[in-house]
Amino acid sequence: MKDQPQQQITQALDEQARDLDGNTLSRLHQARARALEEHTRKRANGFAHFLLGAGSIAALALVAVLQLPPLEEPSLPLQADRDALEIATLNVDLEVIEDLDFYEWLSLQDLEAIPERKST
Amino acid sequence: MSSCLKALSPMHAVMHDRSDEGAAQRNIDSFLVDIERRAFIMAELATRNRDDALDLVQDAMLAFVRHYAERPQTERAPLFYRVLQNRIRDWARRRSVRNRWISWLQREDDTGPDPIQEAADPDAVPVEQRLDGENATQRMVEAVSHLPLRQQQAFLLRIWEGLDVKSTARAMGCSNGSVKTHLSRALGALRKQLETFRP
């Protein structure tokens with residue numbers, strides 16, 4: 285709550301601010317226009333800095349990709365692949381190939397049976 | 007996909023900002039329009055020189071948009087006045103150094119008082135007449151302009167501009183207690199001056 289002298293003074297100051305002459309107002313307008321130009325320039329610089337930063341990052345990424353070592357030579361085929369290739373080239377009936385596991389098991393049984401026979 | 011969107015989001019934000027540039031510009035413009043007259047009066051009361059006051063307001067506007075234009079609306083007025091008051095204080099310091107040099111140089115060439123300077127101004131309005139009726143507004147403004155700088159700042163920011171104690175302290179670059187002290191002294195001095203003005 286303002287007392288009377290304070291109120292009088294603030295009213296006087298308000299009047300003074302309201303009744304500024306044209307020349308002063310024009311110079312204030314110019315000052316404001318310069319400030320707004322500065323504001324626009326600052327924002328434009330901010331965008332340019334962003335583009336510069338993004339461009340630098342993209343360029344670095346490209347250089348990094350180009351500097352990567354070449355892909356490794358294809359390794360030799362695995363044992364399983366080689367077996368499959370061998371089977372495909374063999375001139376054998378398909379049923380025999382399908383029962384290969386059985387024949388393998390049978391041969392193992394035979395090998396185990398040999399020492400037993402020798403001992404008897 | 008979401009990572010791509012995330013990567014694009016700063017770009018999107020900047021494009022969005024650019025589309026809002028017109029609005030931001032209008033926002034700053036309207037803030038400066040609101041504040042420029044009072045800022046000028048404050049600077050003129052401190053400097054008692056129209057050109058110096060206009061230069062100070064322009065400097066303050068430029069510094070404000072460079073550093074604080076993106077701040078929220080509520081913080082803008084205290085920040086603007088802080089920039090302006092700093093410039094006024096710098097101006098007062100430079101002025102005081104210059105006056106010291108001038109007075110020292112004048113003392114060197116001192117050959118007694120200049121009779122022309124000492125003579126009464128025939129066009130000067132007598133004090134009693136000056137204090138009458140329609141000059142009341144001018145008298146009150148003069149009373150404020152005769153306050154010491156810190157008291158003047160406290161009075162203008164706190165009473166005229168209506169900033170709270172904290173914002174005034176921020177604008178003046180001092181403590182809340184100092185604001186209260188300066189303001190109390192300013193009000194005392196103004197009351198005394200207005201008493202003497204009364205016919």
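Protein chains in written order, with this note's numbering: chain A, 285 to 404; chain B, 7 to 205.
Ideal placement from N, C-alpha and C gives every residue a C-beta, glycine not left out.
These numbers come from a predicted model, not from an experiment.
*Taking the alpha-carbon positions, what's the ALA66/B to TYR87/B distance?*
8 Å
*Step through the CB atoms of chain A and report whether any lies within less than 8 Å of the CB of TRP97/B.*
no
*Within 10 angstroms of the Cβ of PHE70/B, are there 16 or more other Cβ atoms? Answer buried if so, exposed if not.*
buried
*Run down chain B in chain order and give the residues with a C-beta less than 7 Å from the C-beta of HIS333/A.*
Correct list: empty, because the minimum Cβ distance to chain B is about 10 Å.
*asked:* Against chain B, which members of the stretch 336-350 of chain A pass a CB distance test of less than 8 Å?
replied: ALA338
_So PRO84/B and ALA177/B are supposed to be a Cβ contact under 8 Å. How far apart are they, rounded?_
5 Å
_8 Å CB neighbourhood of ILE94/B in its chain, flanking five on each side removed_ = MET48, ALA49, ALA52, THR53, LEU62, LEU155 and GLN159
_Just checking: is the beta-carbon of GLN31/B within a distance shorter than 8 Å of some beta-carbon in chain A?_
yes
*Counting only the same chain and skipping the five closest in sequence on each side, list residues whose C-beta sits under 6 Å from that of ASN33/B.*
none
_Is MET67/B close to chain A? Criterion is C-beta to C-beta, closer than 8 Å._
yes
*Helix, strand or coil for VAL376/A per DSSP?*
coil
*Given ALA1/B as reference, the closest of ALA315/A, ARG327/A and ASP367/A once Cα atoms are compared*: A question about residue 1/B goes unanswered here, because the residues of chain B that appear run from 7 up to 205.
_Within chain B, partners of GLN300/A - CB distance below 8 Å_ = ILE47, THR143 and VAL147
*asked:* Count Cβ pairs between the stretch 301-318 of chain A and the stretch 33-47 of chain B that sit closer than 8 Å; are there 3 or more?
replied: yes
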